[in-house]
Every structure is written in C-alpha cells, then in structure tokens.
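Only one structure is covered here, and it is reproduced in the block below.
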Amino acid sequence: MVINSELLDVTLLSLYVSGVATIIGSAIGIPLGALIGLSEFGGKSVVKTLTYTLYGFPPVLAGLFIYYLFSRSGIFGFMGILFTPTAMILAETLLVIPLVTGITITSVSEVDRSVKDTVRSMGATHRQSVLTVMKEAWVGLVMAAMIGFGRVIAEVGAAYLVGGNIRGETRVLTTAIMLETRMGNFAWAMALGGVLLAVALSVFLFLRLLQEKEML
Amino acid sequence: MTVKISLEGVSRRYKDVDAVRDVSLSVNEGEVFGVLGPSGAGKSTLLRLMDLLESPDRGSVSVNGKQMDASSIGAYETRKTFGMVLQRPMVLNRSVWNNLCYPLRLRGWEEDRIEEKVGSELHKLGLHDRRGKNARTLSGGETQRLCFSRATIHNPQILLLDEFAANLDPANVVLLEGQVAGFIEEDASRTVVIVTHNMFQAKRMCDRIALMWNGEIIETADKDKFFSSPDDPRTSAFVKGELVY
Chain A
15 MVINSELLDV TLLSLYVSGV ATIIGSAIGI PLGALIGLSE FGGKSVVKTL
65 TYTLYGFPPV LAGLFIYYLF SRSGIFGFMG ILFTPTAMIL AETLLVIPLV
115 TGITITSVSE VDRSVKDTVR SMGATHRQSV LTVMKEAWVG LVMAAMIGFG
165 RVIAEVGAAY LVGGNIRGET RVLTTAIMLE TRMGNFAWAM ALGGVLLAVA
215 LSVFLFLRLL QEKEML
Chain B
88 MTVKISLEGV SRRYKDVDAV RDVSLSVNEG EVFGVLGPSG AGKSTLLRLM
138 DLLESPDRGS VSVNGKQMDA SSIGAYETRK TFGMVLQRPM VLNRSVWNNL
188 CYPLRLRGWE EDRIEEKVGS ELHKLGLHDR RGKNARTLSG GETQRLCFSR
238 ATIHNPQILL LDEFAANLDP ANVVLLEGQV AGFIEEDASR TVVIVTHNMF
288 QAKRMCDRIA LMWNGEIIET ADKDKFFSSP DDPRTSAFVK GELVY
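Chains as they are written, first to last, in our numbering: chain A, 15 to 230; chain B, 88 to 332.
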C-alpha cells in the first residue's frame, strides 16, 4: 500500500461511507424515535421491543439484504449501484437506524413530564412541544449518533459484501485490514488499525465536545 | 360578574384512582381563588383540567364561556391567554434569557419587543447579570421566581399557580408572594387560581376559597366565612388543624 495516496483514500472513504450512513440513519431514526417515544398508541411496547431487538441486527444480513435488492437479478438491479460506496452507505444506514431510533425513544421518554406540561401550558403547539423536548434530549440524541457512527465505522461484513473491497473504489479501513491480514502483512494491518482507531476517536471526541457544550 | 372559568360535574380518573369527582365551581374575573386541601386531594389535577392540559372523563370545562378541553381545536390558543406555574418548577435547559424569551417567541413577538420586555423583567428579578448563564445553575428560589416571571411575562388574563411557593424558605416565599401581589395590582381584571395545602398562604392571598378532599369540593366560601364560620364541619376541622389525613 502506498502510504500517501492510497491510505488517505481508504481513510477518507471510510469516513465518507460511515459519516453519510450516520447522517441518513439519524435523519430517519431521530424523528422516528421521537414519534414513537412521545406518542401514545396501542402496541407501543411491542414496537419499542422490536426496535431494541434490532440493535443486534447482524451486519452481514444487512449486506445480504442490500445485495439481494441491488444485484443484477434484484428488483433494483437496474440501478447498478452494487459494489459502489452508495450500496455500502445503504447497508450501513440499515444498521444505524434501529440504534438511533431506540436511543432516541429512550432519550425523549426520559425528558421529565413537567417539561412537556410546562411548554404546553405556555401555549406551545404539539409540534413546538415535540421540538422543545427533543432539544432537552440533546445529549441523548448526540449519543445516538455517536453510537450509530461507532457501529458502522468498525463494521466489515456488510461493507465487504456489498462493496467488494475493490482497490481505489470501495476499499475502506476495515476491509483493508482484513485483506492485509490475509496476505500476512500484519504490520500494515496493525498500522491501518491504528488509523481506524484514531479516526473513530477523533469523531467521537468531536461529538463528545458537542454533547458537553452548555446549552444557552 | 364575569365568569372566567367554569367546571360542571367534572370527573377525572387515573387507572383505579378518582382524582377529581363531580366537581362544579366557577372562578370570576378579577378574583384570587384558592383551592385548599391536603396532598393527594386532586388539586393539581383540577388545575390541569382548568389549564386544558387534560380532558375530563365526565363533565365540562368552560373558559370565557366557551366549553373546551385539551383535545379541542384551539385549546393551545386558549392556553396562550393563561399563565401557569407547575408544582415542580421546571426551567428549560438553556440560558436564563432564553427561558424568558420562550413564551414570547411562541406568541410571535418581534425580537426588539422581546429584548425590551425580557431585559426589564430580568432587572426586576435581579438576574440581569446572569442572563447568559444556563437557567439550571440558579438556586431553588431563583428558579421558582424565574418560572413565575416566565408564566406572567406575556401578561396573561388568567394565572394558575400550583403550590407555587412550596419547599421554599420564608424569605423566598415573601418574594414570590410579592410577585403575585404585584401581578394582581397591575390589572384588577386579572384572575388568579392558587392551589395550595398551606392555609396561611390561602388566607393571605385569596378572596374566595374551596376546600378539596378526596377529589371532591367540600365547600366554597369567601375567605372570611371560610375561616370564621364555615358550613361544613370538615372545613371547620381543617382550618383548626384538627382534620387528620
């Protein structure tokens, strides 16, 4: 591996795929979790249990699902996105959604009932009170995104299955580590592991600072 | 005399507890109406029904002569004419300044007007130098007074206070009661409902008082009659401190 260019490309693609999957997964999971957490409906506990159960959704199954849909014989095969970063993003988004949804449900549910009552008593509409409760649950929502990102940046099964680990195209840090290990390049694999750890920690540190920021 | 809030045969049940049972009462414009009773009597639920935060299981609630409940279209518009301080004072996780701005922004006030109003309110509260601090860093008394200001900053015509000075030291109770008195003095047409278990506070502040017990209104009377010659023996026992609960 050529350090200067290929390592940079692999690292940037890892960040891109995991980052976009986290953003899309959060954009879906946060409103969905808020809707479930703040609404009262029959079967709510079943929906919550199902969401929490999906925390353990195997990455390779998410990859298989996307592979099935986007392979040549799949219903979306005509799009030709299999073995591209787009397919990797889709598979990883599937992994992020249940995590973010579940943590959002817990976070908004834990906001004190008096917050909802107070904002309603001040004349807030349902939409305004939901947005205020979500702002109060800010720490939990950032945590949801952190955990979602943590899951997909370290994920290898789905990325390998739908990305194919193609050099210069879909190779990310985790699949590169797997390849280098198989080829016996342990030193390289370890170095890539160090880069992966540094990238993950940097993103986590940034999100943690965001979480710690005093709300004003 | 204009009736501002009226309850007719209102009941509210939570699972297997009747919090409010067949309550009928009316609160008139310009009066300070007290709901007195021990903890668990259903006073807070009664106030939540008045504020349209909850709907009754039976009976009806009318505000300004218009029957409505929490699910009515326009309930939130009606709530905008109220101010309410809840039993547990709750500040939003944002600055002191933004806590006071919140109800005004909900009402679509322009930023210039908000700035002027909030600035003057913070000077009155003595919190202007801490306007940029997170409101959760305030002391209990400051929090309670901030919540009161936030509930009244939009000049509501009806103010609902739920144990608004509970758990405060005497100095802060005096400050808060002074804030309530100032609010009433500013406009004689304002209506205030005070829910409290503190009969001395009710005696100091209310014009008319209802005693609530096990979800029911036992007696409603003018303050003097309530404390000197009540009709119901339970009211008599309560004001003498002889009613065991």
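Ideal Cβ placement from N, Cα and C applies to all residues, glycine included.
Considering residue i, what are the terminal residues of the beta strand (DSSP E) in which it resides?
i	result
F97(A)	No beta strand (DSSP E) contains F97(A), which DSSP labels as neither H nor E.
I92(B)	V90 to Y101
F55(A)	Neither: F55(A) is in no beta strand (DSSP E) and is coded neither H nor E.
A297(B)	R295 to W300
S147(B)	R145 to V150
F120(B)	V119 to L123
E306(B)	E303 to D309
S111(B)	V104 to N115
V282(B)	T278 to T283
Within its chain, find whatever has a CB closer than 7 angstroms to the CB of residue i; leave out the 5 residues flanking it on each side and keep chain order.
i	result
L223(A)	none
I89(A)	L83
I119(A)	G47, I50, G51, K62 and T65
T168(B)	P243, Q244 and I245
S32(A)	E106, F163, V166 and I167
L140(B)	A157
L29(A)	V213
G129(B)	A106, V107, M299 and G302
Just to confirm, is the Cβ distance from residue i to residue j under 8 angstroms?
i	j	result
V114(A)	S40(A)	yes
N259(B)	Q231(B)	yes
N151(B)	R181(B)	no
R99(B)	T132(B)	yes
L254(A)	A172(A)	The structure shown does not extend to residue 254(A), since chain A spans only 15 to 230, so no value can be given for it.
Y189(B)	R237(B)	yes
V282(B)	E250(B)	yes
G208(A)	L193(B)	no
G127(B)	V97(B)	no
V122(B)	A297(B)	yes
Considering just the uninterrupted stretch of the alpha helix (DSSP H) at residue i, what are its terminal residues?
i	result
S216(A)	F200 to E226
D131(A)	R127 to S135
I271(B)	P257 to E273
V326(B)	P320 to V326
By Cβ distance below 8 angstroms, which residues in the same chain neighbour residue i in space, the five residues on each side in sequence not counted?
i	result
L262(B)	G228 and R232
T189(A)	V170, A173, Y174, G177 and N179
G161(B)	M155
Y69(A)	P112, L113 and G116
Less than 6 angstroms between C-beta atoms, sequence neighbours within five positions excluded: which residues of the same chain meet that for residue i?
i	result
G219(B)	S182
V16(A)	Because the pLDDT of V16(A) is 49, which lies under 50, any placement of that residue in the model is unreliable, and the number read from its coordinates should be weighed accordingly. Closer than 6 angstroms at Cβ, skipping near neighbours: no residue.
C234(B)	V172 and P176
Next on the checklist: Would the stretch 175-183 of chain A count as touching the stretch 209-226 of chain B if we require 3 or more Cβ pairs under 8 angstroms?
Outcome noted: The stretch 209-226 of chain B and the stretch 175-183 of chain A do not touch, with fewer than three beta-carbon pairs separated by less than 8 angstroms.
Checklist entry - Taking only runs of the alpha helix (DSSP H) that begin and end inside the stretch 171-247 of chain B, which ones reach a length of at least 4 residues, in chain order? => result The stretch 171-247 of chain B contains these whole alpha helix (DSSP H) runs: 183-193, 198-212 and 227-239.
Item to check | Inside the stretch 65-93 of chain A only - beta strand (DSSP E) runs reaching at least 3 residues | outcome: Segments of the beta strand (DSSP E) lying fully in the stretch 65-93 of chain A: there are none.
Next on the checklist: Could you tell me which whole beta strand (DSSP E) segments of length 3 or greater appear in the stretch 145-180 of chain A?
Outcome noted: Complete beta strand (DSSP E) runs here, min 3: none at all.
Checklist entry - Any chance the stretch 98-105 of chain A sits against the stretch 123-136 of chain A, with 3 or more Cβ pairs inside 8 angstroms? => result With the cut-off at 8 angstroms, the stretch 98-105 of chain A and the stretch 123-136 of chain A do not touch.
Checklist entry - Counting pairs of Cβ atoms below 8 angstroms between the stretch 309-318 of chain B and the stretch 141-149 of chain B, do you hit three or more? => result No: fewer than three Cβ pairs fall under 8 angstroms.
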